[in-house]
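K.L.:
I have a structure I would like to understand better, so I am pasting it below and will then ask my questions one at a time.
In this note's numbering, the protein residues as written are 17 to 350.
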């Protein structure tokens, strides 16, 4: 009954923004327990408040035209565009959500919207404090994994955070980056700007897809190369998925310590295999596997694998990279 009441009433104040947001969506966006909202066309709404996706009985209808107007308005406010040749779009929705939209005909007869609550951003026009005590409580102090990562972050070790979709990679990255000494300059490179640690000198650069004429693309690889001219103390890749991984490893191995990146992978060892594969693809075969592994072994010190345990997100495994022996990257489980 509590969930239904929260959905049927938008609550005091509503969500800051244009007035065309339906009341039931306002309620879901304001509910801090709701991490994900999936809207499948005009009839099915699902939300995850920590116990998996559940269908929401809103008792309301959101027609295609209204949904399209709402979505295009948010994309416009974020400086994003959509056209028939690019039927997908991403944008951040103030104060603390990321929007992904899939348009017909790729999405079928109706639009598909996915909204995710982002960690560390402003809520209700105030900044989330996200203190060290809150971060420790979120990740648990029992096995010492989070504290080990905090110490590694402060020390300037380079860290890979691996896990599946929705496992909490961005949340952990935000929490660790909040521990970076305040005199250091952090520059994050992202496709959609999601990271927002509590830090006085944090900057975020966003990639850009090509326009309808195929021009104007700005890739993560381009951003990384520009970042090297911006006096970064820490370089952060919001998500490793392409050639930018090789550039990041080369930057680390030429003195840019304390890097951090997230990666979709099912285990720490799988994360390293995926990084190696991305390096080989990026080089076009010009570097051998042995050199890619050397770059990984000398550049990365820690791999954290995170996931869900019931409603909680936990650090499932923490491995320290201990160098290389022959063609094998040596790892020690903490």
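No residue lacks a Cβ here, since even glycine has one placed at the ideal position from N, Cα and C. Predicted model only: the values in this text are computed from it and were never measured.
When we look at the beta-carbon of residue 133 and count the other beta-carbons within 10 Å, is it buried (16 or more) or exposed?
P.N.:
So residue 133 counts as buried.
K.L.:
Does the distance from the CB of residue 275 to the CB of residue 281 come in under 7 Å?
P.N.:
No, the Cβ-Cβ distance between residue 275 and residue 281 is not below 7 Å.
K.L.:
Using DSSP's beta-bridge definition, name the partner residues of residue 330.
P.N.:
Per DSSP, 323.
K.L.:
Do you know how far the Cα of residue 196 is from the Cα of residue 330?
P.N.:
The alpha-carbon atoms of residue 330 and residue 196 are separated by roughly 21 Å.
K.L.:
Based on the DSSP output, what are the partners of residue 159 in its beta bridges?
P.N.:
According to DSSP, residue 159 bridges with nothing at all.
K.L.:
So, does the stretch 156 to 167 touch the stretch 224 to 244, judging by three or more C-beta pairs under 8 Å?
P.N.:
Output reads no: the stretch 224 to 244 does not touch the stretch 156 to 167.
K.L.:
Just to confirm the assignment, what range does the beta strand (DSSP E) spanning residue 277 have?
P.N.:
Start and end: 276 to 280.
K.L.:
Would you report the Cα separation of residue 66 and residue 265, rounded to the nearest angstrom?
P.N.:
Straight-line Cα distance between these residues: approximately 35 Å.
K.L.:
List the residues that DSSP assigns as beta-bridge partners of residue 113.
P.N.:
Beta-bridge pairing links residue 113 to 109, 133.
K.L.:
Determine the contact status of residue 193 and residue 213, defining contact as a CB-CB distance below 7 Å.
P.N.:
It is a contact, given that the beta carbons lie within the stated cut-off.
K.L.:
When you compare each of 269, 80, 167, 89 to residue 120 by their alpha carbons, which one comes out closest?
P.N.:
Considering only alpha carbons, the answer is 80.
K.L.:
Please confirm if the stretch 222 to 237 is in contact with the stretch 168 to 187, defined as three or more CB-CB distances below 8 Å between the two stretches.
P.N.:
Contact between the stretch 222 to 237 and the stretch 168 to 187 is absent, because fewer than three Cβ pairs lie under 8 Å.
K.L.:
Taking a contact to mean a Cβ-Cβ separation below 7 Å, would you say residue 205 touches residue 322 in this structure?
P.N.:
No.
K.L.:
Could you tell me the distance, in whole angstroms, from the CA atom of residue 68 to the CA atom of residue 62?
P.N.:
Roughly 10 Å between the two C-alpha positions.
K.L.:
Would you call residue 99 buried or exposed, if buried means 16 or more other Cβ atoms sit within 10 Å of its Cβ?
P.N.:
Classification for residue 99: exposed.
K.L.:
Looking only at its chain, what residues have a beta carbon closer than 8 Å to the beta carbon of residue 84, apart from the 5 residues adjacent to it on each side?
P.N.:
Once the five neighbours on either side are set aside, the close Cβ partners of residue 84 are 127.
K.L.:
Less than 7 Å separating the beta-carbons of residue 291 and residue 261?
P.N.:
Their beta carbons are under 7 Å apart, which means residue 291 touches residue 261 by this criterion.
K.L.:
Restricting to Cα atoms, I'd like to know which of 223, 248, 170, 171 is closest to residue 201.
P.N.:
For the residues 223, 248, 170, 171, the minimum Cα distance to residue 201 belongs to 248.
K.L.:
Out of curiosity, what's the CA-to-CA distance linking residue 153 and residue 320?
P.N.:
Going by the C-alpha atoms only, they are around 18 Å apart.
K.L.:
State buried or exposed for residue 171, treating a residue as buried only when at least 16 other CB atoms are found within 10 Å of its CB.
P.N.:
Exposed.
K.L.:
If you run the structure through DSSP and keep just helix, strand and coil, what is residue 201?
P.N.:
DSSP places residue 201 in coil when its eight states are reduced to three.
K.L.:
Let me make sure I understand the geometry here. Which of 255, 149, 131 has the alpha-carbon closest to that of residue 47?
P.N.:
The candidate whose alpha carbon is nearest that of residue 47 is 131.
K.L.:
On the criterion of 16 or more Cβ atoms from any shown chain inside 10 Å, does residue 50 qualify as buried, or is it exposed?
P.N.:
Its Cβ being crowded by 16 or more others within 10 Å, residue 50 is buried.
K.L.:
For a minimum of 4 consecutive residues, which ranges assigned as the alpha helix (DSSP H) are wholly contained in the stretch 251 to 298?
P.N.:
If we require 4 residues or more, the alpha helix (DSSP H) runs fully inside the stretch 251 to 298 come out as 260 to 268.
K.L.:
In the DSSP assignment, find the unbroken alpha helix (DSSP H) run with residue 39 in it and report its ends.
P.N.:
Counting along the chain, the alpha helix (DSSP H) containing residue 39 begins and ends at 39 to 46.
K.L.:
Comparing alpha-carbon positions, which option in 168, 91, 36 lies nearest residue 114?
P.N.:
With distances taken between Cα atoms, residue 114 lies closest to 91.
K.L.:
Where residue 169 and residue 175 are concerned, what is the direct C-alpha to C-alpha distance, given to the nearest angstrom?
P.N.:
Those two C-alpha atoms are separated by around 8 Å.
K.L.:
Could you name the residues of the same chain whose beta carbon sits closer than 6 Å to that of residue 139, not counting the 5 residues immediately before and after it, in chain order?
P.N.:
Because residue 139 carries a pLDDT of 38, less than 50, the predicted location of this residue cannot be relied on, and the following value inherits that uncertainty. Closer than 6 Å at the Cβ level, and outside the excluded window around residue 139, lie 111, 112.
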